[in-house]
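When you read off a place in the sequence shown, starting at 1, and then add 539, the result is the number in the working numbering.
First the structure, in the form of structure tokens, and then the observations on it.
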Amino acid sequence: MVGENMVAQYRRDGFAVVPEVVTPDTLDALRRVTGDFIAASGSVTQSDSVYDLDEGHSASSPRLTRIKLPHQQHPLYQQVLTSPSVLAALTTLLGTPDVRLHTSKLNCKAPQGGRAVEWHQDWAFYPHTNDDILALGIWLDDVNEENGPLLAIPGSHTGPVLKHTANGVFSGAIDPGDPDFRHSEVRALTGPAGSASVHHVRTLHGSAPNLSAQSRRVLFFECCAADAWPLAGISGPYNGMSQEALYADLQSRMVCGALPLQPRLESVPVTMPLPVPPDNSSIFKVQESSGATSAFARD
Ligand SMILES: O=C(O)CCC(=O)C(=O)O
Numbered sequence: 540m541v542g543e544n545m546v547a548q549y550r551r552d553g554f555a556v557v558p559e560v561v562t563p564d565t566l567d568a569l570r571r572v573t574g575d576f577i578a579a580s581g582s583v584t585q586s587d588s589v590y591d592l593d594e595g596h597s598a599s600s601p602r603l604t605r606i607k608l609p610h611q612q613h614p615l616y617q618q619v620l621t622s623p624s625v626l627a628a629l630t631t632l633l634g635t636p637d638v639r640l641h642t643s644k645l646n647c648k649a650p651q652g653g654r655a656v657e658w659h660q661d662w663a664f665y666p667h668t669n670d671d672i673l674a675l676g677i678w679l680d681d682v683n684e685e686n687g688p689l690l691a692i693p694g695s696h697t698g699p700v701l702k703h704t705a706n707g708v709f710s711g712a713i714d715p716g717d718p719d720f721r722h723s724e725v726r727a728l729t730g731p732a733g734s735a736s737v738h739h740v741r742t743l744h745g746s747a748p749n750l751s752a753q754s755r756r757v758l759f760f761e762c763c764a765a766d767a768w769p770l771a772g773i774s775g776p777y778n779g780m781s782q783e784a785l786y787a788d789l790q791s792r793m794v795c796g797a798l799p800l801q802p803r804l805e806s807v808p809v810t811m812p813l814p815v816p817p818d819n820s821s822i823f824k825v826q827e828s829s830g831a832t833s834a835f836a837r838d
């Protein structure tokens, strides 16, 4: 599925679309389980450790921006992560048999207004000792120009880390007026449900609100070559862990292969996601609470 041409395209552009990453049966199961989670979120009135609620959420009309850490919420998501086709895509694109999960998330854009994700580079949130890190996003719905597809700038993964600060804090979003934001080159990643987008950790990307009548749900697995070790002070799970806890945690995240004790240090541009914004609990809250300027604001 991920042949030489796709690897070359991924290396050149910093993104690609992988067709048929899950079978039709698995896709049906993913939709059913995810639909059950969204329905169950109707009993929740505040974002919590599982659900990130979107504006307009109610018991009768549940609207989520995200199901957090889906691989910990239901065995099906973990099974998909370790399925042969996903493992093949991860090991081929990362170029190593040793792969570690950094995080997972299931982003939901409900019809008629599901939330935008402002332009950013994942690397600005979690720099590591090298940048062999990617996000694989499995499409639970058909993705088209109207329902908020992932947008990306080709070649941006080999360029600078743009400024991700606003009002003196980390904003998890670039300034849409940044001269290094080549918005005339934007490409939309679209295709049928069951396919997956893959983008490099330094690729500049975002997505517009879903103004269509069709939902757009994407199951993201963000994975590293296992010799990419997290830097102290990044956003995410490792802060405040003891040495023992960090080692156990990194081992528990291995998707395949082994955790090497020799981090590979590459000469990569790094900025730290500091100072911490008022709400650091998800990208949506980081971008909102920092007061980042929206590239997708509507009048
Ligand atoms: O869901 C999307 O369209 C983009 C997701 C993303 O970039 C993120 O959650 O960091």
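Every residue, glycine too, gets a C-beta built ideally from N, C-alpha and C.
For residue i, does the three-state DSSP call read helix, strand or coil?
| i | result |
| --- | --- |
| N749 | strand |
| W768 | coil |
| I577 | helix |
| R755 | strand |
| S695 | helix |
| V534 | It is not possible to answer for residue 534, since the shown part of the chain is limited to 540 through 838. |
| F664 | helix |
| N778 | coil |
| L633 | helix |
| D552 | helix |
| E761 | strand |
| I773 | coil |
| L800 | coil |
| R721 | coil |
| N706 | coil |
| S643 | strand |
| I606 | strand |
| S834 | According to the sequence provided, residue 834 is Ala. The question's Ser does not apply to it. It is coil, neither helix nor strand. |
| I822 | helix |
| M793 | strand |
| E684 | coil |
| A735 | strand |
Mind checking residue i: buried by the 16 CB within 10 Å criterion, or exposed?
| i | result |
| --- | --- |
| L632 | buried |
| R571 | exposed |
| G745 | buried |
| E706 | Checking the sequence shown, residue 706 turns out to be Asn, not Glu. N706 comes out exposed. |
| E783 | exposed |
| A555 | buried |
| Y492 | Missing from the structure shown is residue 492; the chain here goes from 540 to 838 and no further. |
| S829 | buried |
| E827 | buried |
| G687 | buried |
| Y786 | exposed |
| N544 | exposed |
| T621 | exposed |
| Q612 | buried |
| G653 | buried |
| A649 | buried |
| D593 | buried |
| H722 | exposed |
| L629 | buried |
Going by beta-carbon coordinates alone, are residue i and residue j separated by less than 8 Å?
| i | j | result |
| --- | --- | --- |
| A735 | D671 | no |
| R756 | L679 | yes |
| L689 | L728 | yes |
| V815 | F709 | yes |
| V825 | G676 | no |
| C763 | H641 | yes |
| L798 | R639 | yes |
| W658 | I577 | no |
| G779 | M811 | no |
| H667 | G553 | no |
| V737 | Y549 | yes |
| L673 | V740 | yes |
| M540 | A627 | yes |
| A765 | D637 | yes |
| P693 | F835 | no |
| D591 | L603 | yes |
| S751 | E685 | yes |
| L758 | L569 | yes |
| T573 | P715 | no |
| N669 | V583 | no |
| S643 | F760 | yes |
| D681 | K702 | no |
| P601 | G730 | no |
| T742 | A691 | yes |
Measuring from the CB of residue i, is there a heavy atom of ligand 1 at a distance below 7 Å?
| i | result |
| --- | --- |
| D670 | no |
| G775 | no |
| N544 | no |
| V656 | yes |
| L813 | no |
| D661 | yes |
| H667 | no |
| L689 | yes |
| I822 | yes |
| S746 | yes |
| V757 | yes |
Flag residue i as yes when its Cβ comes closer than 7 Å to any non-hydrogen atom of ligand 3, and as no otherwise.
| i | result |
| --- | --- |
| K644 | In the structure shown, ligand 3 is absent; the only ligands present are ligand 1. |
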